[in-house]
Structures are given as C-alpha cells and as structure tokens.
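Following: one structure in structure tokens, then a few remarks.
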Amino acid sequence: MSSRIPLPYSPKVLELFRNPKNLGRMEDANAVATAGSLACGDMITIYLKIDEERIVDASFESYGCAANIATASLLTEMIKGKSLREAWGISWKQLSDELGGLPPIKYHCGVLAVGALRRAIRAYYRDRVKPDWLPEELTPDERHALEEEELMKILSRRIGGERV
Amino acid sequence: MGKDLLEQLEKVKSLVRAHGGPRREVYLDLENSGLAFEEALAALQEAYRIYGNPSITHRPGWRALEVILEAEVGLMDLIGVSDGEIIFTHNGTEANNLAIMGFAKASRGRRKILVSQIEHLSIKFPAERLQENGFKLVEIPVDEEGFVDLDYLAGQVDGNTLMVSVAAVNHEIGTIQDLKAIAEVVRDKSPEAVIHTDACDALGRIPLDLEKAGVDMASFSGHKAFAPKGVGALYIREGIKIDPILHGQLSSQRLWPGAEDVPAIAGFAKALEILRRSFDECRYKMRRLRDLLINGLLGNIDGVMLNGPKGDRRAPDNANMSFLYCEGEALTVELSLRGVYVSSGSACTSRTLEPSHVLLAIGRPYEIAHGSILMKVSPMHEEEDIKYALEQIPEAVSRIRSISPKVMM
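Residue numbers (the working numbering), protein chains in the order written: chain A, -10 to 153; chain B, 198 to 606.
And the structure:
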C-alpha cells in the first residue's frame, strides 16, 4: 500500500450520491432505526416495510458524507425482496465491494449502514418471537456504531450553542 | 506498479469526467491551493529558462541568485523588516517546521513552547512532536472569535519559555491577532523568549510591520500570496539562531539545503511586487467580495452562521460558514458538481474522525463544525463569481438537507 492518503470515490459512489435511490422517510414502515449521530457527523436512518419476515420496501435518510449517502442508498436497494435473515447477513465489506471499494477512512460509513439495518431488524423483533438466527449479543458492526455514538456523547460539547 | 495505484488513478479520472462541464467554475478553496496572479505565472514560466543553481559561481548561477535576492528584498519590504534573512522553502509547512523544529534544536536550556489552540497543523504537529524530546507544550486558549487569551498567555510565559507561536491571521476563521500586544505580553514576562508567527494567511491580506510588532520569525506561503505553488519562506530576525533540520548538498541557504525552486521563487517575487504596488486595491476588493458572499449567504439560507470575527477584525478574504443539518463533506461534493469549489471542516474531509480543531477551540459544537465550509476570495475573483456561488450554494445546501433525517429539523 502506498503511504498516500487518498480520498477518491468510485464512479458508483458519485452516481448514487447524485441520484440516491429509496431516499426519504417511509410513513408506513414497520421497523425504523438510526445509527450514528449529528455529533459523529454521520447518521443513517433506515425504514423497513416487512411482510412475513421479508423486506418488501426499504428507504433511508442520511446526514453524512457522499460515501455515507451512497452506502445507505445501495443497502436499501440490496435488501428489498430479501428475507430478514438474508438481510442480516449483509456485511459492510459487501457494501464496499459493490461500491467499487470505499476509501479506508470511509469504511465506517458501511459499518454504520449495516449497524442501522441490524438495529431496525432487532426493533422489528422487539415484540415478536425472536428467530434462532438472531444473535443475543451485539455483532461487531452494531457495537462499532454504538461505540462511535458513545464516544461522541463524551466528546461533544453541549448541543446547541450559538445559532443564527 | 501496484494494482491499487492504477485503480485509484482510474477512479480519479472518472470522477473528473463525471463532472462534465459546469456552467461556470468558481474556485474558492484558496486555503488548500491558490489562484495566482497571471503576471506571476508568466514570471514563473519565463524563469524556467534560468537554469543555474544559485550556489554556483557562473553566470546562470548568479542569474538565479539575482531572482532569489529580488524575492528576498520584495518580501522584507512588504512585511516591514530591515535586517535578518529570508530562507526560501518549498511551502509554508516547511517554513513552519523549520521555525519550530530548527529553533528548538538550536536552543540550550529553555524548554517551554507556547502555541495557540488554533494554529495550523504544520505548527501544532511539530510542537507536539517536540514533547518527545523533553519540551513542554502549552496551548493558549482562544475566545469564541479566535482571539488568544492574553491573560492566560501572560500567566504562562516564564523564564523557561523558549518560544511563542501565534498565527497573524488564522487560516480557517480569519481572526487577525494583535501581534504587537502578544509580543508585549511575552517580552514583559521574558525578554529572551522568541516570537514566531505563521503569517501565511496574513501576507497580502493585512498590513504587516513585523519589526515594529516585535516579531522574531515569520512563515510565508507563496500560493497563499497569489504566487504559484512551490515556494514558502521563513523570515528570521538578525541574531536568532536556528539549526538546520534537513541536511545535504549546499544551496545558497545554509538552513534549507537542496536546489531552490528558482522559477517558483521568481513567481513569488512577481506576486510580491504586485502586492506592494496594489495592496490596498487588492484587499479592499477582497473585502467587498467577502462581504457580498457572507451577507448573501446569511440573508438567503436558514440555519447558517459565520465562524470567526466580523468586519475589520477578520481577514478580508475569509468566509467560513456553518450550515445546520448539512454535512460539510457532502456539500463540497455537491458544490463541486455545480462548479463551486470549497473545503469543509467536517470530520469526513479531515481524513480522521475529528472535525476542525479550530472550530472546536472557538467552542463550536461538533455538529456545527461538521456542517462548515471554508471559502476564500482573491483579487482574481469578480462579482460575477460570487453571484454564481450565491446562486449555487443555497440550492446545494437545500439538496443535502433534503437527504438528512427529518427528525432533526
């Protein structure tokens, strides 16, 4: 690896940033979750419409960089029509590969998107019988999202401050 | 050749292609790489035919030395100093490193280094590194507009203080420090402490009278003074002893070995000549364009704020604005697609997960820092450029906000 710190996006990231798919709040979603925070500078909300354990529709909202937006758009596209179990199995690495490779400093965007999706799936099962494949313990991607949020809570000054 | 390298090259090519041709292009990212005076570019091109190395005794060598001395005279005149020397480096980062590391290396005894909390990373990082060599680093806090806390400074300067470094103009938020007051506070407590200023963002923006202000060392950057890239400079007052931090072939300068970039220095000399000739014209033009930009944005977008001081206490070229609920890196990409080029203090552009240390130091919360963009105008910009930016920025902000979770609004 070169020691240069590159930030080039793949053409696919730029295209999805320009024309994101499945963007916006979903009014009739039956599972919603957010990962990240304003203070992190990265925040993804995933909306799912689930019917008989299958994702029939998905959408997102994102506060974050171009890679964050592209990642969330791609993820919602990938999970439509998938069973919850299949969607649970998607990794940030798969997202990165599909996007033609994220720059290393942007890996956490993929982690955050996966973290939000898994939170939404957990939210769906909160009042339902949990399936065997759903682990009790948080997965590394979920933990990572949580750690980032916790860290920012500690670092961040009072939210608000001077506003015009 | 690595596969990674070729892949990256392909990506970058496609990114550039994907932009197509915007209606107009307005380059406002002068923080990261500047626009140059046309005459300075022409001077650089012409000087490419001066092949000599200024340290050699033949006509081409002396011709090259002439270029360097002309630049030195021009710079000393513009910054108001009459003695001492100018060391030409290849950029401001090198000049700052030479000042901090070179002076610390030459020092015997004193071990305390004071820098403001909002210094450029080419001051902050070398100063932090010196802690490994037994130096003590103290960061001087600033107020919400970026002005250094003089009382705190006075309380920190003592017989162990080696140097104090505060930028004359802050590179991100344009705060114009009172160098004279800083020097007085320092001298009052410790006459031997040396005062350095990173003047990269001050040259060509504010009048500099460094001798009168009591400054001992000052760093400059060519591309921030509308010269071509490839040249920086360090002014060192007579009697200040610095050790070299690079070693090698003799150049005409003991403190910066290696062949000087004579064409870039020729371009710098030309830019300095233009600034000496039309300094007021340049800075008043910048101030007018800056205010057009700042007021245009404050008046036309909700949830927008200016970072740094207002009016005459702010550098005439600097506009640093935060847009709530609008992540800065996404905004730079969106604006790029519209032909307006800016940078952001967001963590996403810093290549770490921390947003701008300057914005955090003036008390901006993380989410305000993440939503910031930095723009600088130059004498090369026209009102039409700013009007185009004012047309594009609100649309870009509103598109990025439309992607953000609505719960935040």
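The C-beta atom is built at its ideal place from N, Cα and C for all residues, glycine as well.
Note that the structure is predicted; figures quoted are calculated from it, not measured.
Query                                                                                                                                                                             : Result
Do Ile283 of chain B and Asn517 of chain B have their C-beta atoms closer together than 8 Å?                                                                                      : no
Would a check of beta-carbon distances place Thr23 of chain A closer than 8 Å to chain B?                                                                                         : yes
With a 10 Å radius around its C-beta and 16 neighbouring C-beta atoms as the bar for buried, classify Ala24 of chain A as buried or exposed.                                      : buried
Out of A:Gln83, A:Tyr52, A:Leu101, A:Leu106, point me to the one whose CA is closest to Ser72 of chain A's CA.                                                                    : A:Leu106
Report the CB separation of Lys467 of chain B from Ala215 of chain B in whole angstroms; it is logged as a contact under 8 Å.                                                     : About 36 Å separates the two Cβ atoms, so there is no contact after all.
So, under 8 Å CB-CB, Arg260 of chain B and Gly536 of chain B are touching, yes? Tell me the CB distance rounded to an integer number of Å.                                        : Contact flag wrong, Cβ pair sits at about 41 Å.
When the cut-off is 8 Å and only beta carbons count, does Ala527 of chain B lie next to chain A?                                                                                  : yes
Buried or exposed: where does Arg473 of chain B fall if 16 or more other Cβ atoms within 10 Å of its Cβ makes it buried?                                                          : exposed
So for Phe234 of chain B, helix, strand or coil by DSSP?                                                                                                                          : coil
Under a Cβ-count criterion, where at least 16 other Cβ atoms within 10 Å of its own Cβ denotes burial, should Asp274 of chain B be classed as buried or exposed?                  : exposed
Comparing the C-beta of Pro338 of chain B with each C-beta of chain A, is any distance below 8 Å?                                                                                 : no
Leaving out five residues before and five after Ser362 of chain B in sequence, what residues of the same chain have Cβ atoms less than 6 Å from its Cβ?                           : Val312, Ile320, His393
Mark Arg305 of chain B as exposed unless 16 or more other C-beta atoms lie within 10 angstroms of its C-beta, in which case mark it buried.                                       : exposed
When you compare the CB of His567 of chain B with every CB in chain A, is at least one pair closer than 8 Å?                                                                      : yes
Check for me: the beta strand (DSSP E) holding Met360 of chain B runs from which residue to which?                                                                                : 358 to 362
Let me check understanding here. Comparing Cα to Cα, which of B:Lys200, B:Ile297, B:Arg256, B:Glu580 lies closest to Ile437 of chain B?                                           : B:Ile297
I need the DSSP call for Arg511 of chain B, collapsed to helix, strand or coil.                                                                                                   : strand
Starting from Pro124 of chain A, find everything on chain B with Cβ-Cβ shorter than 8 Å and list it in chain order.                                                               : The contacting residues do not exist; Pro124 of chain A stays about 27 Å from chain B at best.
Starting from the Cα of Glu137 of chain A, find the closest Cα among A:Leu101, A:Pro120, A:Asp116 and give me that residue.                                                       : A:Leu101
Interface residues of chain A around Pro591 of chain B at Cβ under 9 Å?                                                                                                           : Per Cβ cutoff of 9 Å: no residues; Pro591 of chain B is ~15 Å from chain A at best.
The alpha helix (DSSP H) with Asp116 of chain A in it runs from where to where?                                                                                                   : No alpha helix (DSSP H) holds Asp116 of chain A; DSSP gives it neither H nor E.
So, under 8 Å CB-CB, Val459 of chain B and Pro251 of chain B are touching, yes? Tell me the CB distance rounded to an integer number of Å.                                        : 7 Å
When DSSP builds the beta bridges, which residues end up paired with Met572 of chain B?                                                                                           : B:Ala516
Can you tell which of B:Arg256, B:Ile373, B:Gly464 has the C-alpha that lies nearest to the C-alpha of Glu243 of chain B?                                                         : B:Gly464
Would the region 549 to 562 of chain B count as touching the region 397 to 415 of chain B if we require 3 or more Cβ pairs under 8 Å?                                             : no
Taking the beta strand (DSSP E) that Met32 of chain A falls in, what are its first and last residues?                                                                             : 31 to 40
Please classify Pro124 of chain A: is it buried, with 16 or more other beta-carbons within 10 angstroms of its beta-carbon, or exposed?                                           : exposed
Looking only at C-alpha atoms, which of B:Ile442, B:Ala390, B:Leu376, B:Lys426 sits nearest to Ala410 of chain B?                                                                 : B:Leu376
Determine, for Ala516 of chain B, whether the minimum Cβ-Cβ distance to residues of chain A falls below 8 Å.                                                                      : no
Evaluate Leu5 of chain A with the Cβ neighbour count: other Cβ atoms within 10 Å of its Cβ, from every protein chain shown; 16 or more gives buried, anything less gives exposed. : buried
Would you list, in sequence order, the uninterrupted beta strand (DSSP E) runs of no fewer than 3 residues that lie entirely inside the region 466 to 536 of chain B?             : 501 to 503, 515 to 520
Measure the CB-CB distance between Ile315 of chain B and Val278 of chain B and report whether it falls below 8 Å.                                                                 : no
Please tell me whether Pro425 of chain B has its Cβ less than 8 Å away from any Cβ of chain A.                                                                                    : no
What are the start and end residues of the alpha helix (DSSP H) that includes Ser448 of chain B?                                                                                  : Here Ser448 of chain B belongs to no alpha helix (DSSP H), and DSSP marks it neither H nor E.
In the DSSP output, what is Met577 of chain B paired with across the bridge?                                                                                                      : DSSP output for Met577 of chain B lists no bridge partner at all.
Do we get a CB-CB distance below 8 Å when we pair Ala102 of chain A with the residues of chain B?                                                                                 : no
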